[in-house]
Structure formats: C-alpha cells, structure tokens
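*Asks:* What follows is a single structure, and I will ask about it in a moment.
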Amino acid sequence: MARGPIVVNDDIAKALQENLIGGYGTDVFDEEPINTSNKLLEVSNEKIVFSPHIGWATIEARERLFNETIKNIESFLKGENRNRIV
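Residue numbers (our numbering): 622 to 707.
In structure tokens, the structure reads:
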C-alpha cells in the first residue's frame, strides 16, 4: 500500500469479509491514529495485519538507505548527478 488515503478502508474490509482477497497488511491508515469506527477493525485477525508505521525498516532497507546516501554524497562532492531526487 502507498499512503493511507489512497486505499478505501471500507472496500478492503468488505473484500476481506467476502473472501475476495485472502489477506491484507498495512502500516498506515486513512486517519491516524486509526478511528475506532474503522471497518478494518471488524475483520478477523486471521486475515489482517496492522503494524506500526515502520514497514520499511528491515535490515536490508536500512543498509540500502545508508549506502545510497553515501553514494549521493560522494556524487555531489564530485559534481556528478545521481539518478535520485535529493
């Protein structure tokens, strides 16, 4: 999932309850903190996973972030362009 407002939580909840999709995981919501009336909270815990907003924070992702940052700094100091927005 991208950012919370892109996904319609009610539609995801309905699709899960009707077995149109098998499961759903997210670390963002259209309203944060999640509202107690959010339909996703009515879905079986076997079909849905909520996590804190740290879904990107794997060891591999942190290593890549660090390495890309170093490459960007080195390129900048050499006056070179990188294929990244900084």
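Positions of the beta carbon are idealized from the N, C-alpha and C atoms, including for glycine.
Please read all numbers here as calculations on a predicted model, not as lab measurements.
1) Quick check: what's the CA-CA separation for Val629 versus Glu652?
2) Taking Phe687 as part of the alpha helix (DSSP H), name the residues at either end of that continuous run.
3) Mapping DSSP to helix, strand and coil, what is Ile633?
4) Measuring CA to CA, which of Val649, Lys668, Pro673, Ala678 is closest to Ile627?
5) Please classify Ile675: does DSSP put it in a helix, a strand, or coil?
*Replies:* Put simply:
1) 11 Å
2) In the DSSP assignment, Phe687 falls within the unbroken alpha helix (DSSP H) covering 680 to 698.
3) Helix at Ile633.
4) Val649
5) coil
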